[in-house]
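This report concerns only the one structure given below.
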Amino acid sequence: MIQPNIPDTTLPRIVVVGGGFAGISIVKALRKAPVQVILLDRNNYHLFQPLLYQVATAGLEPESIAFPLRGMFHKYKNVHFRMAEVRAVDTVNNILETGIGDIHYDYLVIASGSNTNFFGNKQVAENAIGMKSLIEAIQIRNYVLKQFEESLLLEKDEEISPKLNFVMVGGGPTGVELAGAFAELKKYILPRDYPELPIHLMNVFLIEAGPRLLNGFSDKLSNRTKEDLEKLGVKVMTNVAVKDYDGSTLTLSDGNTIKTQSLIWSAGVKGFPLKGLPGDSLLPNGRIVVDEFQLIQGLKNVYAIGDIAQLTNDPRFPKGYPMVAQVALQQGKNLGNNLLNFFRNKPMKPFKYKDLGSMATIGRNRAVTEFSGIQLTGYLAWLAWMVVHLLKLIGFRNKLVVFINWMYRYFTYDRGTRIIIKRGAANIVKLGKTVTQVDPSID
1 MIQPNIPDTT LPRIVVVGGG FAGISIVKAL RKAPVQVILL DRNNYHLFQP
51 LLYQVATAGL EPESIAFPLR GMFHKYKNVH FRMAEVRAVD TVNNILETGI
101 GDIHYDYLVI ASGSNTNFFG NKQVAENAIG MKSLIEAIQI RNYVLKQFEE
151 SLLLEKDEEI SPKLNFVMVG GGPTGVELAG AFAELKKYIL PRDYPELPIH
201 LMNVFLIEAG PRLLNGFSDK LSNRTKEDLE KLGVKVMTNV AVKDYDGSTL
251 TLSDGNTIKT QSLIWSAGVK GFPLKGLPGD SLLPNGRIVV DEFQLIQGLK
301 NVYAIGDIAQ LTNDPRFPKG YPMVAQVALQ QGKNLGNNLL NFFRNKPMKP
351 FKYKDLGSMA TIGRNRAVTE FSGIQLTGYL AWLAWMVVHL LKLIGFRNKL
401 VVFINWMYRY FTYDRGTRII IKRGAANIVK LGKTVTQVDP SID
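Every letter in the sequence shown is one number past the one before it in UniProt numbering, and letter 411, counting from 1, is 411.
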């Protein structure tokens with residue numbers, strides 16, 4: 001049954017699943033097209049994930065990196081947003097099954113993004129926490145601050161140390177940025193807010209299974225990143241993988257163990273495909289095989305873009321494009337333009353990724369960037385990182401709020417969102433062996 005509150009139309013109906021970077025990009029490309037666009041997402045906001053780690057480390061308020069999708073597209077007369085959980089797709093009858101009913105489509109674009117990948121380790125998945133959503137970032141912030149508070153109630157170092165050992169797994173940009181932010185918490189916040197705690201008992205670990213950090217960067221910038229993190233006090237461990245984690249003891253592949261109650265996982269992501277897609281179009285990592293026009297293998301009117309899509313026709317990226325915002329934005333724009341060309345009987349253009357460079361921040365006045373053969377480190381790289389991320393944020397208010405927060409932190413060495421949000425003992429989230437109370441209305 002077709003959902004009645006979707007306006008009827010004689011125009012081609014394009015349903016877009018996901019309001020991430022890829023989803024908003026294609027919607028913008030189709031804003032003046034003679035089509036009806038239905039955008040679906042389980043949340044009513046677009047999340048700027050590159051700054052999620054700053055919410056997790058009390059640097060930014062959650063609402064400063066989220067923007068309401070309705071506010072983004074309210075001027076687009078051909079765009080309709082519905083907050084819905086998408087369950088499956090019937091590609092024979094062109095029906096999308098959702099929590100608000102069945103929706104018919106003429107063209108379907110899957111931009112559902114990715115999820116945390118624990119690589120089949122069920123015990124790690126149960127006791128660690130990923131950082132892909134706003135609620136997870138808030139949980140991490142609550143949990144870290146709660147660990148500080150609870151440590152004050154203990155007397156023995158061997159009891160305090162596991163609470164203050166924070167382990168990041170994954171040496172990509174997210175892991176590096178998290179480790180640097182936690183190191184700055186230790187340097188600037190712990191002595192100020194918790195002077196009774198022995199600062200030497202707090203340790204920050206960054207674990208990478210590969211031989212170096214920031215695998216997509218040059219060797220020079222990778223080595224510089226490691227040096228900068230170690231100067232901040234981070235214990236960087238490469239060529240070692242996580243073998244097991246039971247919530248209190250982390251076991252590594254080299255046989256060493258770390259007593260910790262805090263394992264934050266950013267070691268990998270996987271696609272999150274819809275049920276009903278052809279089996280031969282799905283890869284073990286959850287991504288969907290598409291051609292150079294983003295069309296899903298075996299289908300005629302269903303496309304995939306962003307993290308969920310796997311395209312391997314570019315010799316620069318034999319394993320598929322990286323799951324980053326720039327790829328998603330460019331794929332969304334390319335597919336939107338191609339659909340316009342299709343409706344106008346014009347030739348479609350195959351997708352070609354333009355690598356605009358990479359960047360990662362390490363801490364105060366520390367970052368690494370490379371673009372067009374130019375490599376920057378230190379203050380200039382950090383400044384470039386800030387400018388790029390400010391410009392990419394959606395909404396003037398969010399840009400202003402983030403800029404003010406950054407300036408405040410820079411001159412005061414303070415983080416203004418060090419609050420624990422909780423409501424009632426019935427609402428709990430387990431992280432490791434510790435229970436943290438959170439407000440369930442926040443997501």
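We put the beta carbon where it would ideally sit given N, CA and C, even for glycine.
Remark: C-beta atoms of residue 228 and residue 240 do not approach each other more closely than 8 Å. Following the DSSP letters along the chain, one finds residue 281 in no beta strand (DSSP E), marked with neither H nor E. Residue 21 and residue 112 have their C-alpha atoms roughly 10 Å apart.
The straight-line gap separating the alpha-carbon atoms of residue 63 and residue 100 is approximately 26 Å. The beta carbon of residue 38 sits closer than 6 Å to the beta carbons of 15 and 80 from its chain, once the five residues preceding and following it are set aside; these are given in chain order. Membership of residue 85 in any alpha helix (DSSP H) is not indicated, and neither H nor E is assigned to it by DSSP.
Contact between residue 290 and residue 304 holds: their C-beta atoms lie close to 5 Å from each other, under 8 Å. Beta-bridge annotation (DSSP): residue 96 is paired with 89 and 103. In this structure, DSSP gives residue 41 an extended state, which the three-state scheme calls strand. Distance check between residue 82 and each of 259, 208, 40 and 230 places 40 closest, using alpha-carbon atoms only. Around the beta carbon of residue 129, 16 or more other beta carbons lie within 10 angstroms, which makes this residue buried.
Of all C-beta pairs linking the segment 328-336 to the segment 43-58, fewer than three are shorter than 8 Å, placing the two stretches out of contact. Distance between residue 226 and residue 373, taken at the CA atoms: about 21 Å. Among the bridge pairs identified by DSSP, residue 132 is matched with none. Residues of the same chain with a CB within less than 7 Å of the CB of residue 68, apart from the 5 flanking positions on each side, are 44 and 45 in chain order.
In this structure, residue 147 lies near residue 164, with their beta-carbon atoms less than 8 Å apart. Our two residues, residue 92 and residue 301, have alpha carbons roughly 10 Å apart in a direct line.
Looking at the DSSP output, residue 288 shares a beta bridge with 282 and 309. Judged by pairs of C-beta atoms under 8 Å, the segment 337-346 does not touch the segment 116-124, as fewer than three such pairs exist. Judged by beta-carbon spacing, residue 169 lies within the 8 Å limit of residue 263, meaning their Cβ atoms are closer than that value.
In this structure, the CA atom of residue 280 is about 41 Å from the CA atom of residue 375.
By the neighbour-count criterion, in which a residue is buried when 16 or more other Cβ atoms sit within 10 angstroms of its Cβ, residue 407 is exposed.
At a cut-off of 4 residues, the continuous stretches assigned as alpha helix (DSSP H) that sit fully inside the segment 110-174 are 122-127, 134-151 and 157-164. For the pair residue 162 and residue 78, the Cα-to-Cα distance works out to about 54 Å.
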